[in-house]
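Reading through the structure tokens given below for one structure.
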Amino acid sequence: MGGTAAQTEGVEQNSSEMLLDTSVSDRRVGHLLERADALSRKLAGERGFIWATIGIDSTPCTMGCSFCSHGAQWQVYANEIELSVDEVVELAGKAAAGGADFITLRTTQYYGTERLIKLAGLVRDRIGNDLHLVANTGECDLDRAKALRDAGFSMAYHTVRLREGVDTGQSVAARLKTIEAICAAGLELQYLIEPLGPEHTVREVLNEARRAAEVGASGTGVMARVPVMGTPLAHLGQVSEPYLRRVAAAARLEYPDGGKYLCVHPPTPSALYCGCNTMVVEQAANPRDTSSSIGAWRGFDLATARVALQKAGLKVRPVTKEFVGI
Ligand code: SF4
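Pasting the structure below:
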């Protein structure tokens, strides 16, 4: 899993390379995890953040990314769903009342711009102007990015994924073009190292950690690939929790002065002690699973996220009296 000493033999390792070298013990990198933790706490003022994602649709997607359960070719997803406008607005309202800092509308690649614009306007009306409304959708040119911004989105989630163009149906150039459009439109950008698997090298991981800083993302972090039976990469398995923590810490050390929202996904409370401060609560359609969840994915709900963040000494946004839980 990850890198080994052989990959960096003969070259003095920097802190991030040492973190990602699996022949170096956790004990020997303890001080680096602590450094990442201290940096994030200072950057974000001891705040913890909840990223609430609503998976709007599970339309079979012809992009065929080798890890995604929505890939049409894999035929693994149980049910094709698309949430109604009312359902999306309701879920967004509940997440906002429950202390989420980010409300993310996630779609498959070709979800229609007009539908997304309509949703954004209604969700923005429901959640008010104090929270981030995040678009996690397909590629954008500048016009589409501006239209999403004008509709109410304040941020977009977009990355160059690990082995883009090899394990995905998209190219690095197209992903970078979208990122450029997002930034040019004035949307904030959240950029994770993803979808991390055991086969990725130190160099591949560091390239994306550094790219988050280069593009000036307002948030960074790491998302592990969750093996979905029937998808081509499932046999490679999932990275261990200790390694996920070390990648998260490397993401912080590579971007020590920005990207204050440092996210780890799937939810890993132990990562809140080595630089992470942002946890994802997701609901409905999900590329990491074979069916849509009625409540929070794997039971990791807003209340659980709040408790984990608070236990780690991070302050969270208060819930409102309307909160009934998801
Ligand atoms: S990751 Fe996105 S683009 Fe790739 S198959 Fe899944 S929905 Fe389509």
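Counting along the sequence shown from 1, when you hit position 200 you're at 541 in my numbering, and nothing is skipped either side. Ideal Cβ placement from N, Cα and C applies to all residues, glycine included.
{"Item": "Can you tell which of A385, V563, T509 has the C-alpha that lies nearest to the C-alpha of Q531?", "Value": "V563"}
{"Item": "Flag this pair as yes or no: are the beta carbons of Y584 and T561 separated by less than 7 Å?", "Value": "no"}
{"Item": "Could you check the C-alpha separation between A347 and R502 for me, to the nearest Å?", "Value": "In this prediction, A347 scores a pLDDT of 40, lower than 50, which makes its location untrustworthy; the coordinate-derived value is nonetheless stated afterwards. Approximately 25 Å between the Cα atoms of the pair."}
{"Item": "Going by DSSP, name the residue or residues bridged to D398.", "Value": "E423"}
{"Item": "How long is the line joining the alpha carbons of L655 and I468, rounded to whole angstroms?", "Value": "23 Å"}
{"Item": "Under three-state DSSP, which class holds D466?", "Value": "helix"}
{"Item": "Is DSSP giving L606 helix, strand or coil here?", "Value": "Rather than Leu, the amino acid found at residue 606 in this sequence is His. Of the three classes helix, strand and coil, the one that applies to H606 here is strand, per DSSP."}
{"Item": "Determine whether the beta carbon atoms of W331 and T572 lie at a separation below 7 Å.", "Value": "Residue coverage of the chain in this structure runs from 342 to 667, which leaves residue 331 outside it and unanswerable."}
{"Item": "Could you pull out every residue in the same chain whose Cβ sits closer than 6 Å to the Cβ of C617, ignoring the five residues on either side in sequence?", "Value": "A589, L603, V605"}
{"Item": "Between which residues of its own chain and A649 is the CB-CB distance below 7 Å, once the five residues before and five after are set aside?", "Value": "P610, L613, M620"}
{"Item": "Are the beta-carbon atoms of S399 and A575 separated by less than 7 Å?", "Value": "no"}
{"Item": "Alpha helix (DSSP H) containing N548: first to last residue?", "Value": "543-555"}
{"Item": "With a threshold of 8 Å, are at least 3 pairs of Cβ atoms found where one atom belongs to the region 358-370 and the other to the region 403-410?", "Value": "no"}
{"Item": "A522 and L472 - do their beta-carbons sit closer together than 7 Å?", "Value": "no"}
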